[in-house]
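*Asks:* Note that full-length UniProt numbering has the sequence shown beginning at 1, numbered continuously upward. Backbone N, C-alpha and C fix where the C-beta goes; we use that ideal spot for every residue, glycine too.
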Amino acid sequence: MDTEQPAMPGAFPASEDTISTTRTPKRRFVGRRTAEAQAKQKQDVGSSVEETNAIVAKSQRKTPRALNQIPPEILDDPDIQAAVGLLPHNYSFEIPKTIHRIRTLQAKRVALQFPEGLLMFATTISDILTQFCPGTETLIMGDVTYGACCIDDYTARALGCDLLVHYAHSCLIPVSSSKIATLYIFVDISIDTKHLVSTLSRNIPPGKTIAMVSTIQFNSTLHTIRPALEAEGLKLVVPQVMPLSKGEVLGCTAPKIGPDAHVDLILYLGDGRFHLEAAMIANPDIPAYRYDPYSRKLTRETYSHDEMLDMRSYAINTAKGAKKWGLILGALGRQGNPHILTMIENHLNMQGIPYVNLLLSEIFPGKLAMFEDVECWVQIACPRLSIDWGYAFPRPLLTPYEALVVLGAKQGWEKEGGTYPMDYYANNGLGRATEKVAAQVTKSSKPSSSTLPNHPIRHSLPSKFCLRPKLENIAKMQVNKRWTRESLDNAFKQAQGNPSTVFLDSFGRKVFCFEEKVIKYGRPVDIQEAQVLCFIEKSGLDIPVPKVYAFGVCENVGFIEMEMIEGDTLQNVWCRLSKDEKLSFAQQLREIVNQLRSLEGSYIGSVEQRPAIDARRNRNQGGPFFSEAEFNEFLLSNTISTTPTIYRKMLEDLLSTTTHKIIFTHGDLSPTNIIVKEGRIVGIIDWEYAGWYPEYWEFVQFFRALYADYRDYADAIFDTRYPAELMTDHFLGHLTRH
């Protein structure tokens with residue numbers, strides 16, 4: 001609707017203003033047909049080409065064909081259709097579109113980049129493309145691909161490729177920024193929408209408003225089921241964080257749903273929790289559910305917001321005292337944004353803080369531990385690496401956002417609404433920082449001298465699958481009256497005077513000797529381990545474990561005070577041992593394992609019906625489970641979102657083939673957790689992963705110990721071997737979510 005606009009001086013004078021101007025004739029628009037008629041008329045009367053009004057009719061332009069408009073000779077080719085039929089019918093690999101692009105570009109070498117879950121189709125797709133694009137060769141890129149940020153156009157160009165085809169992710173890095181021609185194939189996956197709608201209508205009351213999100217594979221489903229849901233009385237909102245597609249979530253980027261949307265719940269369409277967790281972090285006060293299109297199950301999901309925020313606050317506050325920083329630029333595809341690196345470098349330079357730069361494609365605690373003088377790390381790769389795995393690193397591992405909080409360039413989430421931001425690849429997110437933004441760092445940026453306040457506790461309903469149990473919810477705690485948070489900190493400072501008495505100081509977890517006892521404390525410390533040690537002591541087993549003197553929680557920090565066992569770790573002496581000495585230790589360990597296996601249980605989980613732990617990649621907890629089928633479902637729930645249906649079905653079949661006894665299990669018999677002295681095992685430590693598990697669990701966990709030839713002695717340690725379960729676990733490990 002037109003509205004009256006105020007007069008702008010010097011631009012559009014009001015009608016009463018008098019302005020003297022020279023009157024000039026209007027220039028009239030002449031249409032093409034009129035112009036052609038006038039030209040013909042002039043030619044008929046002998047007009048000259050020198051005349052300004054002489055017009056020559058121009059030949060009609062042909063309508064250009066759109067680049068992605070697939071011609072019928074490709075789209076309707078029966079041979080191409082037959083070849084596409086070799087692939088899963090519900091997976092859209094867009095083969096005709098890819099063939100058309102290759103032919104249009106006349107590409108001679110094409111790079112194909114798949115996430116791990118789709119690599120099984122790589123050779124078939126490669127054969128199809130080379131068959132219908134004569135003279136073209138394909139290269140399958142084998143490096144791990146976690147997301148669209150891992151698109152590896154640099155490597156593709158270095159290999160002399162003319163085109164890069166990237167599968168299963170959206171166009172996160174603009175095509176205009178790619179170093180070679182790039183084609184994104186979303187791999188849209190069709191699902192049973194009728195079952196989805198009926199499941200939601202049966203479990204969600206009419207009148208509720210659902211905010212629905214998903215990965216790009218299921219994004220089209222979000223927009224097609226609205227009428228069916230509305231017919232059932234449900235309202236559907238598809239939120240968006242620009243420039244992502246409506247409803248799309250990444251592991252580091254998710255829409256923040258405001259109160260004006262009046263949303264009752266978030267529904268994530270997809271498998272696994274990695275992407276869902278981003279939406280839950282961004283919206284801590286909205287209940288979250290997940291519909292798995294493969295298992296066709298609807299589950300309630302929760303996230304330990306209070307623990308995550310507490311750990312990130314601890315990392316930030318610890319980093320404020322760091323005297324030397326390390327900056328890691330991710331080299332896995334396009335994960336590392338050099339402009340973010342420049343921005344943080346500028347802040348550090350202005351504040352006189354020394355730093356060192358690293359270029360890494362994969363970031364491991366052991367690698368960073370080699371830099372003993374670096375007291376704080378910033379990884380410019382994947383924000384979720386710090387959020388999910390930060391506690392495992394020996395020094396604070398910050399995201400770029402957290403680094404800017406430490407350096408005073410940002411206030412922190414407590415002063416910015418109370419919610420941890422998940423906007424890394426949003427329009428104004430740090431993941432899209434440009435050279436111009438990096439150059440705007442000025443001397444006005446000052447480091448923050450105050451520490452972050454404790455975050456408010458966010459209560460949520462318990463979940464079948466949760467990140468970690470809350471320390472304050474663990475019952476039956478023994479607390480020695482002399483231990484407070486202050487006394488624990490003071491004891492650790494005293495131990496630091498003698499470095500040999502500090503066994504571990506890794507991202508909030510501290511283990512040290514004090515008054516001939518071992519103290520383990522910190523936010524990541526789970527006092528569930530103390531309960532296991534008490535159980536072993538009371539069980540009557542002849543297993544050397546440290547005696548527990550006290551355990552509990554002081555100001556949200558778990559602590560365990562236990563006996564000091566004199567000796568050395570088996571890891572430290574293993575390489576100096578002869579084969580006979582190694583065999584002797586293996587046989588001693590066999591006796592310990594057999595004692596543990598003599599204890600049978602009725603559920604899967606830790607003692608006192610605490611949750612079970614799957615420490616394959618993330619420290620996932622769930623349960624307790626009262627059947628092995630429920631436990632298997634928990635294991636499968638942690639696989640990556642792009643795992644094909646055929647893989648899932650295969651894993652389900654493999655896991656359900658055999659029913660196992662439930663026995664007591666240590667869960668981490670690595671040489672670092674075995675104390676030896678004078679040829680004898682004198683202590684088994686670190687029981688945090690212990691509990692009641694299927695009988696094969698100890699065996700498969702043993703093979704995760706990556707140390708020299710230690711695993712070669714498995715036959716001497718275990719009476720029973722489980723080769724099929726080991727292979728299944730190895731296969732499952734490759735598909736576990738990152």
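#1: List the residues that DSSP assigns as beta-bridge partners of N620.
#2: Between which two residues does the alpha helix (DSSP H) holding P383 run?
#3: Quickly, what does DSSP pair W692 with across the bridge? List them, please.
#4: Based on DSSP bridge pairs, tell me the residues matched to R109.
#5: Is the beta carbon of I128 less than 9 Å from the beta carbon of V165?
#6: Report buried or exposed for M727, applying the criterion of at least 16 other Cβ atoms within 10 angstroms of its Cβ.
#7: What three-state label does DSSP hand S48 in the structure shown?
#8: Specify the secondary structure class of I675 as computed by DSSP and reduced to three states.
#9: Got a sec, what are the start and stop residues for the beta strand (DSSP E) F559 sits in?
#10: Using 9 Å as the threshold, is the C-beta distance between L250 and L172 below it?
#11: Are the Cβ atoms of T155 and P115 separated by less than 9 Å?
#12: Quick check on A495: buried or exposed, where buried means 16 or more other Cβ atoms within 10 Å of its Cβ?
#13: What residue range is occupied by the uninterrupted beta strand (DSSP E) comprising H166?
#14: Is the CB of S214 under 9 Å away from at least one CB in chain B?
#15: Which ranges does the alpha helix (DSSP H) cover as unbroken runs of at least 4 residues, wholly within the region 181-232, from first to last along the chain?
#16: In whole angstroms, give me the CA-to-CA distance for L139 and L309.
#17: Taking the Cβ atom as the reference point for each residue, do A724 and L654 lie within a distance shorter than 9 Å?
#18: On a Cα-Cα basis, can you pick out the residue from Q113, K235, F218, M370 that is closest to Q205?
#19: Here's the rule I'm using: 16 or more other beta-carbon atoms within 10 Å means buried, otherwise exposed. How should T224 be labelled?
#20: Quick one: which unbroken beta strand (DSSP E) runs of 3-plus residues sit fully inside the region 236-312? Chain order, please.
#21: What does a CB cutoff of less than 8 Å around W697 pick up in its chain, not counting 5 residues either side in sequence?
#22: What residue range does the beta strand (DSSP E) around F514 cover?
#23: Counting pairs of beta carbons, one from the region 608-628 and one from the region 686-702, are three or more of them closer than 8 Å?
#24: Going by Cα to Cα distance, which pick from I684, P354, G336, L244 is closest to P383?
#25: Taking Cβ to Cβ, would you say V213 is nearer than 9 Å to Y91?
#26: If you follow the beta strand (DSSP E) that I681 is part of, which residue opens it and which one closes it?
#27: Would I328 and I380 qualify as a contact pair, given that the criterion is a beta-carbon distance under 9 Å?
#28: For the beta strand (DSSP E) holding K520, just list the boundary residues, first then last.
#29: Count the other C-beta atoms from every protein chain shown that fall within 10 angstroms of the C-beta of Q587, then say buried if there are 16 or more, exposed otherwise.
#30: In angstroms with no decimal places, state the Cα-to-Cα distance between L467 and S304.
#31: Out of G270, F512, P96, G552, which has the shortest C-alpha to C-alpha gap to residue 750?
#32: Opposite Q355 in the DSSP bridges: which residues?
#33: Looking at the secondary structure, which residues open and close the alpha helix (DSSP H) in which P151 lies?
#34: Whose CA, out of A278, E416, V518, R273, lies closest to the CA of E566?
#35: Helix, strand or coil for I380 per DSSP?
#36: Please state the DSSP three-state secondary structure of G429.
*Replies:* Straight from the coordinates:
#1: D614
#2: 383-389
#3: G605, F664
#4: E137
#5: no
#6: exposed
#7: Here the model assigns S48 a pLDDT of 42, short of 50, so the residue's position is not dependable, and the following value carries that caveat. In this structure, S48 counts as coil in the three-state DSSP scheme.
#8: strand
#9: 557-563
#10: yes
#11: no
#12: buried
#13: 163-167
#14: Chain labels in this structure do not include chain B; a single protein chain is all it has.
#15: 193-203, 219-224, 226-231
#16: 43 Å
#17: yes
#18: Reading off the sequence, residue 205 comes out as Pro, not Gln. The shortest Cα separation from P205 among Q113, K235, F218, M370 belongs to K235.
#19: exposed
#20: 265-269, 288-292, 297-301
#21: T665, G667
#22: 509-514
#23: yes
#24: G336
#25: no
#26: 680-684
#27: yes
#28: 517-522
#29: exposed
#30: Reliability of the predicted coordinates at L467 is poor, the pLDDT of 34 falling under 50, and the value obtained from them is presented with this limitation in mind. C-alpha separation (whole angstroms): 6 Å.
#31: The chain is shown only over 1 to 738; residue 750 falls outside these bounds and no answer can be derived.
#32: In the sequence on display, residue 355 carries Tyr and not Gln. DSSP lists W325 as partners of Y355.
#33: Note on identity: in this sequence residue 151 is Ile, with Pro being the wrong assignment. Careful: I151 lies outside any alpha helix (DSSP H) and carries neither H nor E.
#34: V518
#35: strand
#36: coil
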